[in-house]
Amino acid sequence: MKNYLVDEKGYYGEFGGAYIPEILYKCVENLKNSYLEVIESPEFKQEYDTLLKDYVGRPSPLYLSDNLSKEYGCKIYLKREDLNHTGAHKINNAIGQVLIAKRLGKKRIIAETGAGQHGVATATVCALMGMECIVYMGQTDIERQSSNVQRIKMLGATIVPVISGNKTLKDATNEAIRDWCCNPNDTFYVIGSTVGPHPYPDMVARLQSVISKEIKAQLLEKEGRENPDYLIACIGGGSNAAGTIYHYVNTPNINIILAEAAGKGVDSGMSAATILLGKVGIIHGTKTLVMQNEDGQIEEPYSISAGLDYPGIGPFHANLSFCERAEVLAIDDNEAVEAAFHLTKTEGIIPALESAHALGVLPKLKDRFKPSDIVVLTVSGRGDKDLDTYIDYV
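For the sequence shown, counting from 1, position 185 maps to 243 in our numbering; every step adds exactly one.
Here it is, written out as structure tokens:
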């Protein structure tokens with residue numbers, strides 16, 4: 059059986075690794091040598107699991123959508139990460155990483171954010187644990203995610219606006235890394251997705267794997283079997299998708315469908331369909347697929363969704379696509395917004411724009427679904443933060 063998880067050198071096939079400036083070598087090496095020991099320790103597990111249960115509100119429900127099931131002729135379950143405290147899956151990772159940071163003696167937390175959900179989650183955990191928190195956010199995203207900006211400030215974190223480049227997630231990540239280079243001794247960088255140098259992609263995937271662990275138990279209770287026929291999730295950096303598939307990825311005969319952002323169209327020049335458009339390169343410390351021109355310069359991505367507006371993809375997902383273990387479908391802005399309004403009007407659930415891209419693949423798969431199929435789609439976040447965008451769009 060092929061293993062699609064990380065190897066001992068920090069690679070997923072040819073993707074991954076740690077391509078970092080020398081000043082960060084000690085930080086990353088220390089984390090690499092300690093993260094598994096910390097995560098697997100009984101003390102960490104007890105504190106982490108207790109916080110997930112009593113603070114976050116896990117397990118998140120696995121909801122059978124009768125209306126979608128009737129429409130698509132199969133059983134469609136929604137994994138409701140939008141019901142977590144702070145409104146998305148991001149809190150699972152933020153709690154875990156801040157707990158690790160405390161055990162490593164770090165006093166200062168930095169983070170990047172696009173849609174703001176990771177910024178909110180990190181600021182929330184830092185408020186809970188009495189840690190200093192600085193969040194880097196592109197000016198473009200600050201303007202389109204104003205409610206999350208106010209939440210971050212209310213939680214006591216400092217927001218640093220980023221005005222370089224496209225003023226979005228890539229640029230926020232650049233500035234966070236610069237901060238880390240200037241303050242390596244006392245600072246822990248809480249990366250929000252399965253990106254960055256090893257061990258971050260694996261560490262984030264492990265912390266998010268609570269999602270697939272719960273899906274297995276919930277399906278066994280509801281359907282008498284642990285395995286679905288389809289798993290569907292959106293991908294920007296890829297953390298909610300990694301969590302959704304983690305305990306299933308090495309199991310054959312489970313269809314993994316990943317939805318990336320096509321923006322105004324894959325070939326429009328305004329897209330964030332990294333896997334379909336990308337070439338092998340280095341971005342933010344990892345070897346993966348990157349949107350780049352012929353000279354290797356990173357091209358600016360575009361998506362209506364701030365959380366998917368990234369020119370790279372986590373090495374985990376790059377390898378899954380390369381090995382054809384996962385199928386990647388590009389969903390444009392129109393398809394995502396239509397899917398969001400459809401779910402809202404049929405189920406009374408307003409999804410985040412990121413999650414709307416996952417919902418947007420359902421019409422593309424309708425002819426494949428059989429009545430016996432069980433489909434699990436992760437609703438990674440709720441749409442409160444995107445109401446202005448939805449309203450403006452229509």
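C-beta: ideal position from N, C-alpha, C; glycine also.
Treat the numbers as computed from the prediction; the structure is a model and nothing was measured.
Asked                                                                                                                                                         : Found
Below 8 Å on the Cβ atoms is my contact criterion, and I expect Glu385 with Ile315 to pass it. Report the Cβ-Cβ distance as a whole number of Å.              : 5 Å
When DSSP builds the beta bridges, which residues end up paired with Val338?                                                                                  : Leu347
Could you spell out the range, first to last residue, of the alpha helix (DSSP H) harbouring Ile269?                                                          : 268-281
On the three-state DSSP scale, how would you describe Tyr258?                                                                                                 : helix
Pro259 and Val253: beta carbons closer than 8 Å?                                                                                                              : yes
Around the C-beta of Glu393, are 16 or more other C-beta atoms found within 10 angstroms, so that it is buried, or is it exposed?                             : buried
Pick helix, strand or coil for Lys322, following the three-state DSSP scheme.                                                                                 : coil
Using a Cβ-Cβ cut-off of 6 Å (strictly less than) and excluding sequence neighbours within five positions of Cys456, which residues of its own chain qualify? : Because the chain is modelled from 59 through 452, residue 456 falls outside the range shown and cannot be assessed.
Residues in the same chain with beta-carbon distance under 7 Å from Glu284, minus the five sequence neighbours each way, listed in chain order, please.       : Lys274, Leu277, Leu278
Taking its Cβ as the centre, do 16 or more other Cβ atoms sit within 10 Å of Lys60, making it buried, or is it exposed?                                       : exposed
Kindly indicate which residue of Asp367, Gly75, Gly418 has the alpha-carbon position closest to the one of Asp199.                                            : Asp367
Could you pull the DSSP bridge partners for Ile315 from this structure?                                                                                       : Ile290, Glu385
Using alpha carbons as the reference points, say which of Cys381, Leu335, Thr436 lies closest to Leu289.                                                      : Thr436
Of the residues Asp446, Val452, Gly439, Asp450, which one's Cα is nearest the Cα of Ala179?                                                                   : Gly439
For the candidate residues Gly296, Gly295, Val183, Ala388, whose alpha-carbon lies nearest to that of Val324?                                                 : Ala388
Looking at C-beta atoms only, is the number of pairs between the stretch 368-384 and the stretch 292-310 that lie closer than 8 Å three or more?              : yes
Relative to the alpha-carbon of Ser205, which residue among Thr346, Gly145, Tyr360, Gly343 has its alpha-carbon at the smallest distance?                     : Gly145
Only counting runs of 3 or more residues, tell me where the beta strand (DSSP E) segments fall wholly within the stretch 144-183, in order along the chain.   : 166-171
Could you give the C-beta distance for Asp390 and Gly441, rounded to a whole number, given that I count them as a contact under 8 Å?                          : Not confirmed; about 18 Å, so no contact.
If we call anything under 8 Å between Cβ atoms a contact, is Ser270 one with Ile217?                                                                          : no
Which first and last residues belong to the beta strand (DSSP E) in which Val253 is found?                                                                    : Note, Val253: premise wrong, no beta strand (DSSP E); not H, not E.
Between the stretch 149-163 and the stretch 418-432, do three or more beta carbon pairs fall short of 8 Å?                                                    : no
Would you call the stretch 130-140 in contact with the stretch 397-416, where contact means no fewer than 3 C-beta pairs closer than 8 Å?                     : yes
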